[in-house]
Every structure is written in structure tokens, then in C-alpha cells.
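In the working numbering, the protein residues as written are 9 to 224.
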């Protein structure tokens, strides 16, 4: 079994460049010309629309650039202080706890990966029926989303992935209805009082990946 390549890009990666790179990598993985990849990066402030995005949920179209992502889901914000992990795996074969050709199990695995990584950072993240993402109690006594998921699978090769809020500007989320959910807010490790930088989050993600998706 070939190793999964972990790539870390410093600085802010423009969204069109990331889409182009993922498109090329997915084609290469499918052709057997490149290994699978987990790509860690940050984007400049922007909004992306998934295939289910509603125009009414873009509240401030002039605030940041907007892009059609081609992934599942609705509107999402990306920006500095948020760890993006794009996960490009060949789902025709088994990965740890995820059976081959089982897209639902793959998405469940991404959720489990985030939950386990958050636990390492002292946060109990949870799933919620009918609400995509990973949720935590907020300081107002409600719930808020700390991590988002949005994936696309092309001929059983996955791309796009997850976004973990480490210390982004939470005010930037107000330009959209995140993932179409207006009744709950968003939060971050910093907002919850966890002193963690992106490197700390990366270490937690790396440590837990193998527990869910097998050795790399």
C-alpha cells in the first residue's frame, strides 16, 4: 500500500490555485501516477458555494471574493487562522476503519478524525443529526460549529475536505449563513479559551489520522 503524502503549504493559498492543484492531483491518483494526499493550508478571506448553496444565504456578496467550489454542501467561509485539510484518497480501497467504496463511511471517518483531534486539544466535539459539521457548547449556553466538512468524490477519489477553526476572525462568517444553518453560530479554539496555533492543530490532526484511516 503506497504511503499517503502529507503536504503543508505556508502562507495564504488562493482558492483557484487550490482547486487547480486538487483537480490535477485527483486525476493523477486515479491514474496511479501520484500517491494519495492530505494537504494542509490556509486561504485568504473568501466565501465558497457548495452545490446546495442558496443565493439568499450570501448576505454580503461584496465583502470577500466568492467561488463555486463544486463540493457538496452550502456556503462556507475560509480565511487566516483556519486550518484547511484537503483529503485526496482512493476510495476504491479500504482505509483503516473506512471500507472500500463507502462514501458515507468516509464522511463519518472525517467527522471522527476531527472529533479525535479536538479531544487532544481539550475540546469535546460532537455530531448532530441534520447538521453537518462538528459542534461544541458555546459560552452563551447554546451550540456552535467549530469545524466544517465539504467533500466531492470523483470516480471514487475524494477531494476537498475539512476546515477547523483555530483562531479565525469569527466576524467574517457574518457575510453568509454558514452551511445554511441560521439558528446556531460558529466558534473557534481561541474563542473557547484554547491556546493553540495552527502547528498545534496540525499535530493533533496528524496524530489521529492513522487511528481512523490507517497507517500512512
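By construction, the Cβ of each residue, glycine as well, lies at the ideal position given by its N, Cα and C atoms.
Which residues bound the alpha helix (DSSP H) around residue i?
{"i": "residue 36", "result": "23–38"}
{"i": "residue 209", "result": "206–221"}
{"i": "residue 1", "result": "This structure leaves residue 1 out entirely; the chain is present only between 9 and 224."}
Does the beta-carbon of residue i, which I'm using as the reference point, lie nearer than 7 Å to any heavy atom of the ligand GDP?
{"i": "residue 77", "result": "Inclusion of the ligand GDP in the displayed structure is not the case, the ligand content being empty and no account of it being possible."}
Just to confirm my understanding: we take residue i, look at its own chain, exclude 5 residues before and 5 after, and list those with CB closer than 6 Å. What are they?
{"i": "residue 198", "result": "175"}
{"i": "residue 195", "result": "146, 152 and 154"}
Near residue i, which residues of its chain fall below 7 Å by C-beta distance, leaving aside the five closest residues on each side in sequence?
{"i": "residue 122", "result": "133, 142, 155, 170 and 172"}
{"i": "residue 42", "result": "33 and 36"}
Would you kindly work out how many angstroms separate the C-alpha atoms of residue i and residue j, rounded to a whole number?
{"i": "residue 16", "j": "residue 91", "result": "11 Å"}
{"i": "residue 13", "j": "residue 83", "result": "29 Å"}
{"i": "residue 68", "j": "residue 191", "result": "18 Å"}
{"i": "residue 39", "j": "residue 168", "result": "19 Å"}
{"i": "residue 185", "j": "residue 163", "result": "30 Å"}
{"i": "residue 79", "j": "residue 70", "result": "22 Å"}
Where does the unbroken beta strand (DSSP E) through residue i begin, and where does it stop?
{"i": "residue 54", "result": "54–57"}
{"i": "residue 16", "result": "13–20"}
{"i": "residue 44", "result": "Neither: residue 44 is in no beta strand (DSSP E) and is coded neither H nor E."}
Inset, instruction - Check whether the region 63–76 touches the region 28–40, counting contact only when three or more Cβ pairs, one atom from each stretch, lie closer than 8 Å. - result: no
Inset, instruction - Take every Cβ of the region 98–106, pair it with every Cβ of the region 49–56, and state whether three or more of those distances are shorter than 8 Å. - result: no
Inset, instruction - Indicate whether the contact test is met: 3 or more Cβ pairs, each with one atom in the region 105–118 and one in the region 199–218, closer than 8 Å. - result: no
Legend entry - Minimum length 3: unbroken beta strand (DSSP E) runs contained in the region 60–92: 74–76 and 83–86
Inset, instruction - Let me know the beta strand (DSSP E) ranges lying completely inside the region 146–212, each 3 residues or longer, listed in chain order. - result: 151–162 and 165–173
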